[in-house]
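Engineer:
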Amino acid sequence: MPIGDSISEPIPAVGTPGTSYAAQIVAFLTEIKSRLENKVALTSLLAGLFDLSNNPLSNAKYLGLYEQGAAPTTPVGSLQRYGNNLYYVSNAGAVRITNGANLDAVAVDGITGDYAAPAEFKYTVGDTTYAAYSDTGTTPDTWAYLAARALDIYGGAMSTVRARLTFTGGSSYTITVPTAAPGTKQLIQMDSSGVLTATNTVDEAVTLAANKNITLSGTGKVMYGEFSRMQLVKMEPGAWATSGTWSVSVNAAGGGEFSQAVGSTGAVGYAQINAIDSYHKFNSITIRGVLVSGSGNVTYDVMRLDSTTGLLSSILAATNTGAPDVTITNFSAASMTPGYSYYVKITMPGGGSYALFNMQVKYQPN
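Written as structure tokens, this is what we have:
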């Protein structure tokens, strides 16, 4: 199809007589020569479709595109300009290739989405970090969520060894890490809402599998709250009783008791406290005894027997004013020496009768 204006010089018909046809042929060839030498002037091209008929366009200095009045939709296979951005019209529709001074992320192979906000996946050379933003129009920019099957973390810049963070659960939940690192090495625990906490306090029961143990090294101990034991009373006779003798009888309630008929000068008896082992100490001692008859106060002292010297020394004292229970507390680690023998010294006033039923001793780790 014609792409320029018509050649003005006529061509003589074949068999034209005379000599004038020679001049016509010369004029026609001269016009053709002039046009070819000028490489087809732009003014010779008519406005309309420029069809290269499957021939290439080579050595063009640049290609300028006309600004369209609307987003292009046809023809298929065309490059067009709209909104100062470059579009390509494919069989599936128009694709925007540029977004201002950047490539349009939607047009990049494999990256799709609605991009209602100016999202960005940015690489910073200075700290070699990729950053994902869901909105770059805010101050500061809004971070984006990332979703993937797994996250691989490599051991170094060129390392081929990686740790893979993955998830195979059947329902979704959120893991929330601590707001700051702990000051010392601590256990990481997760509650039912997925919140991770760094603490060495475990507030839930922990069960070991069958035949598994907790192994302590060095001077480590298993620490726990206090526990109590009800002890049978063992009275020391003989030289540790200043007067009278202890006898076992059955009280009105049908329980056993030790009773002491006290002379006019009073009496002293010693009830032994059972020590468990060197890892525990006494926390409190409750003595269930009562002055059955007579008047005055019964005095209780916690005594320690030195295993080397054989001497008794008082470490705590309490006075009973007639109530059936006396609790002796305020023990300290310094006053309790594991492995020693301990007694409750009971000093009774003169005249009357005293009954001792039992003792409840509470222990805790030392």
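Heads up: the sequence shown begins at 4 in our numbering, then just goes up one per residue. Yeah, the Cβ is synthetic: ideal placement off N, Cα and C, and Gly gets one too.
1) Return helix, strand or coil for residue 123, following the three-state DSSP convention.
2) Quick one: what's residue 351 bridged to in DSSP?
3) Over what stretch of residues does the alpha helix (DSSP H) that includes residue 33 continue unbroken?
4) List the whole-angstrom C-beta distance separating residue 276 from residue 346, where the pair is believed to meet the contact cut-off of C-beta under 8 angstroms.
5) Would you say residue 230 and residue 348 are within 8 angstroms of each other, going by their C-beta atoms?
6) Please state if the CB of residue 99 and the CB of residue 87 are separated by a distance shorter than 8 angstroms.
7) Relative to the alpha-carbon of residue 206, which residue among 191, 219, 217, 214 has its alpha-carbon at the smallest distance?
8) What is the C-beta distance between residue 60 and residue 82, in whole angstroms, given that I count them as a contact (C-beta under 8 angstroms)?
9) I need the boundaries of the beta strand (DSSP E) containing residue 302, first residue and last residue.
10) For residue 338, which three-state DSSP category applies?
11) Could you tell me if residue 245 is buried or exposed, where buried requires 16 or more neighbouring beta carbons within 10 angstroms of its beta carbon?
12) Pick from 339, 186, 179, 270: whose alpha carbon is nearest that of residue 197?
13) What is the C-beta distance between residue 304 and residue 320, in whole angstroms, given that I count them as a contact (C-beta under 8 angstroms)?
14) I need the boundaries of the beta strand (DSSP E) containing residue 137, first residue and last residue.
15) What is the DSSP secondary structure of residue 217, counted as helix, strand or coil?
16) If you draw a straight line from the C-alpha of residue 185 to the C-alpha of residue 92, how long is it?
17) Our contact map puts residue 97 next to residue 74 with C-beta atoms below 8 angstroms; I'd like the distance itself, whole angstroms only.
18) Taking only three categories from DSSP, how would you classify residue 75?
19) What number of angstroms, rounded off, separates the C-alpha of residue 208 from the C-alpha of residue 367?
20) Does residue 96 come out as helix, strand or coil in the three-state DSSP assignment?
21) With a 10 Å radius around its C-beta and 16 neighbouring C-beta atoms as the bar for buried, classify residue 359 as buried or exposed.
22) Which whole-angstrom value describes the C-beta separation of residue 332 and residue 302, a residue pair presumed to lie in contact below a C-beta threshold of 8 angstroms?
23) Looking only at its own chain, which residues have a Cβ that is under 7 angstroms from the Cβ of residue 123, when we skip the five neighbours before and after it?
Structural biologist: If we stick to the structure as given:
1) If DSSP states are grouped into helix, strand and coil, residue 123 belongs with the strands.
2) The beta-bridge partner set that DSSP reports for residue 351 consists of 270.
3) 23-40 is the extent of the alpha helix (DSSP H) around residue 33.
4) The pair is a contact, with the Cβ atoms about 6 angstroms apart (cut-off 8 angstroms).
5) Going by beta carbons, residue 230 and residue 348 fall outside the 8 angstroms limit.
6) Result no, Cβ atoms of residue 87 and residue 99 do not sit closer than 8 angstroms.
7) Selected option, being the one with the closest Cα: 191.
8) Not confirmed; about 12 angstroms, so no contact.
9) Looking at the DSSP string, the run of the beta strand (DSSP E) that includes residue 302 is 301-308.
10) Coil at residue 338, not helix or strand.
11) Residue confidence for residue 245 is low, a pLDDT of 40 falling below 50, so the modelled location carries little weight; the figure read from the coordinates is stated next. Residue 245 counts as exposed, since fewer than 16 other C-beta atoms from the protein chains shown sit within 10 angstroms of its C-beta.
12) Comparing Cα positions, the closest option is 179.
13) Indeed they touch by this definition, with Cβ atoms about 5 angstroms apart.
14) Looking at the DSSP string, the run of the beta strand (DSSP E) that includes residue 137 is 132-138.
15) The answer is coil: DSSP assigns residue 217 none of H, G, I, E or B.
16) Cα to Cα, residue 185 sits roughly 58 angstroms from residue 92.
17) About 6 angstroms separates the two Cβ atoms, so the contact holds.
18) The three-state secondary structure of residue 75, taken from DSSP, is coil.
19) Going by the C-alpha atoms only, they are around 19 angstroms apart.
20) It is a strand residue.
21) So residue 359 counts as buried.
22) Taking C-beta atoms under 8 angstroms as the contact rule, residue 332 and residue 302 fail to qualify, at a distance of about 16 angstroms.
23) The residues 136, 139, in chain order, have a CB closer than 7 angstroms to that of residue 123 in the same chain once the five nearest residues on each side in sequence are set aside.
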